[in-house]
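Worksheet for the structure shown next.
In my numbering, the protein residues as written are 390 to 515.
Here it is in structure tokens:
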């Protein structure tokens with residue numbers, strides 16, 4: 390073979406250039422984030438209003454001597470909580486509530502776990 394025949398690249402050895410373009414949204418990440426915040430803002434504001442509105446009303450009522458239906462409101466500070474802690478009926482009901490929760494919550498968890506284990510060990514359950 391001659392030298393001229395060996396200098397020529399074969400058709401299979403041609404170089405091809407591949408151009409890859411990135412998606413358009415990679416460059417618009419900031420704009421997409423801004424749009425996402427703008428679209429979620431009304432729901433977020435409504436959520437905060439529905440959570441913070443009643444919570445702040447309860448806080449104000451707890452620190453006052455306001456009665457349901459009364460027009461005026463007078464600030465008593467932590468006096469309501471002080472009288473609550475001195476009340477024997479409250480102490481008794483708090484104790485009953487804690488005992489009830491200490492018995493019912495673990496019992497329901499263990500019963501539910503037992504039923505789940507029975508269901509998973511059998512091929513058919515119910």
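Where a beta carbon is used, it is the ideal one built from N, C-alpha and C, also for glycine.
For residue i, the three-state DSSP class (helix, strand or coil)
i	result
residue 453	strand
residue 501	helix
Beta carbon of residue i nearer than 9 Å to that of residue j
i	j	result
residue 437	residue 452	no
residue 462	residue 454	yes
Between the CA atoms of residue j and residue i - distance to the nearest angstrom
i	j	result
residue 485	residue 421	54 Å
residue 415	residue 434	Confidence at residue 415 is low in this model, with a pLDDT of 48, below 50, so the placement of that residue should be treated as unreliable; the coordinate-derived value is given next. Rounded to whole angstroms, residue 415 to residue 434 spans 29 Å at the Cα level.
residue 498	residue 487	17 Å
residue 510	residue 489	32 Å
residue 439	residue 446	11 Å
residue 419	residue 407	29 Å
residue 460	residue 469	19 Å
residue 473	residue 450	15 Å
residue 495	residue 430	40 Å
residue 500	residue 483	26 Å
residue 426	residue 478	50 Å
residue 432	residue 424	14 Å
residue 506	residue 456	51 Å
residue 491	residue 481	15 Å
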